[in-house]
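To start, the structure under review is shown below, and the notes come after it.
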């Protein structure tokens, strides 16, 4: 079952800079061969359900291994049976609608 | 790895009443023997990582089987290594703090 | 415009125990006269859009005032025009469906 | 109080294609002069608290005006007092960490 996920991993108890921990998660996604898109509040991930959720679990295990005592992940995950749709399709379908509307009056 | 999760399952393309689909998910949690707490915007779930996420996957498979063409689940999942904490502990720790503060001035 | 919200306030940089900060938020909801329901991963809040979001803003201001350097709030907010529905209605509509299904086979 | 937000607007009861409604929201952000970044599961928005949340409210009002009977928005909103950080800073801080790590072994 193919999914598109949006994942925000929040490590607690290790200060205010989270980027080292987010970078560690991206290594996990890359090693798993998952397609990702980093944005300012998380990462879009595309792939099969089991592979994507295995990567999320590995993020928690890895970050705990790095000494993070408490982790909260915020996840949005979508599945659909009506059609195949990848990350780029979702973005371009909105951009096409905006282009049809023309410049903002 | 023990988790506390908050899960909101949103079925699209099947009208405005989602309660039949949420009830179907609760049957899955019950069959899996998971501890749950239904609230107005989702369900808290407590259990082992693999069992809890297997139940979420089964919700998507079951709802698609009920004819739902598109599903988005919004998940918050927490793990911690500093101490054991169940759902009731989390609620009572806030209620105790409120009790200490006494009536609102 | 009436809303039902689910709010999780996450303070960073102040250790692992968040309950004092959640209790401070609940004082704000109570002072604003908002209807709330505390659960294991956040708080359901019911009220008018402006009053509920003013309370969220006050949570951020208050917690920064308590010395929290970084805060992330995770919010689900729902509005509908097809019918009036309060927090209890949402919960009972699922519980009624579960009752109709009878004991799990 | 400056915020960085991640917003996902989900319209219910109007079929499976949400892009026309997301495009309508982007017109609102543009008219408000807000800085945005569209991704596959929502939109990052940067600006002052009141302006950003006023735009979210206008999204709900506009979509209801377009005939959407039920809307759920999923929001992550962050504020910090320790330093100024914009959307690009958050992304580049992770990308720099990844660059330091070098290619994945």
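Protein chains in written order, with this note's numbering: chain Y, 691 to 795; chain V, 691 to 795; chain U, 691 to 795; chain P, 691 to 795.
Backbone N, C-alpha and C fix where the C-beta goes; we use that ideal spot for every residue, glycine too.
For clarity, every value in this text was computed on a predicted model and none was experimentally measured.
Cβ shell of residue i (< 6 angstroms), same chain only, five flanking positions each side left out
i: residue 725 of chain V; result: 736
i: residue 786 of chain U; result: none
i: residue 714 of chain P; result: 752
i: residue 723 of chain P; result: none
i: residue 764 of chain Y; result: 698
i: residue 728 of chain P; result: none
i: residue 748 of chain U; result: 718
Selection from the options that minimises the alpha carbon distance to residue i
i: residue 691 of chain V; options: Y:706, Y:751, Y:765; result: Y:751
i: residue 760 of chain P; options: P:693, P:696, P:697, P:703; result: P:703
i: residue 757 of chain Y; options: V:779, V:772, V:754; result: V:772
i: residue 744 of chain V; options: V:719, V:764, V:700, V:729; result: V:719
i: residue 701 of chain P; options: U:781, U:777, U:769; result: U:769
i: residue 732 of chain P; options: P:712, P:747, P:748; result: P:712
Beta strand (DSSP E) segment containing residue i, residue limits
i: residue 699 of chain P; result: 692-702
i: residue 652 of chain U; result: Residue 652 of chain U lies beyond the stretch modelled for chain U, which goes from 691 to 795, so this question has no answer here.
i: residue 737 of chain V; result: 732-738
i: residue 768 of chain U; result: 760-770
Nearest-angstrom Cα separation, counted from residue j out to residue i
i: residue 740 of chain P; j: residue 791 of chain U; result: 46 angstroms
i: residue 738 of chain U; j: residue 776 of chain V; result: 33 angstroms
i: residue 730 of chain V; j: residue 696 of chain P; result: 22 angstroms
i: residue 716 of chain P; j: residue 721 of chain V; result: 43 angstroms
i: residue 742 of chain Y; j: residue 762 of chain V; result: 15 angstroms
i: residue 707 of chain U; j: residue 754 of chain U; result: 16 angstroms
i: residue 746 of chain Y; j: residue 746 of chain V; result: 14 angstroms
i: residue 783 of chain U; j: residue 709 of chain Y; result: 42 angstroms
i: residue 705 of chain P; j: residue 705 of chain V; result: 8 angstroms
Beta-carbon contacts of residue i that lie in its chain and below 8 angstroms, excluding the five residues immediately before and after
i: residue 789 of chain Y; result: none
i: residue 694 of chain Y; result: 734, 735, 736, 767, 768, 775, 776, 777, 780
i: residue 795 of chain Y; result: Any reading at residue 795 of chain Y must be qualified, since the residue scores a pLDDT of 44, below 50, and its modelled position is unreliable; no value is offered.
Within-8 angstroms CB hit, residue i to chain A
i: residue 788 of chain U; result: In summary, chain A is missing from the structure at hand, where the protein chains are Y, V, U and P.
Residue range of the alpha helix (DSSP H) that includes residue i
i: residue 709 of chain V; result: 709-721
i: residue 780 of chain U; result: 777-791
* Residues of the region 748-776 of chain U with Cβ closer than 8 angstroms to any Cβ of chain Y, in chain order -> Under the 8 angstroms Cβ criterion, the region 748-776 of chain U contributes 759, 760, 762, 764.
* To do: May I ask you to list, following chain order, the residues of the region 720-741 of chain V that have a beta carbon less than 7 angstroms from some beta carbon of chain U?
  => So the list reads 720, 721, 727, 728, 729, 730, 731, 732, 734, given in the order they occur along the chain.
* **Near-chain U residues of the region 694-716 of chain Y (beta-carbon distance less than 7 angstroms), N- to C-terminal order** => Of all residues in the region 694-716 of chain Y, 700, 702, 703, 705, 706 have a Cβ within less than 7 angstroms of some Cβ in chain U.
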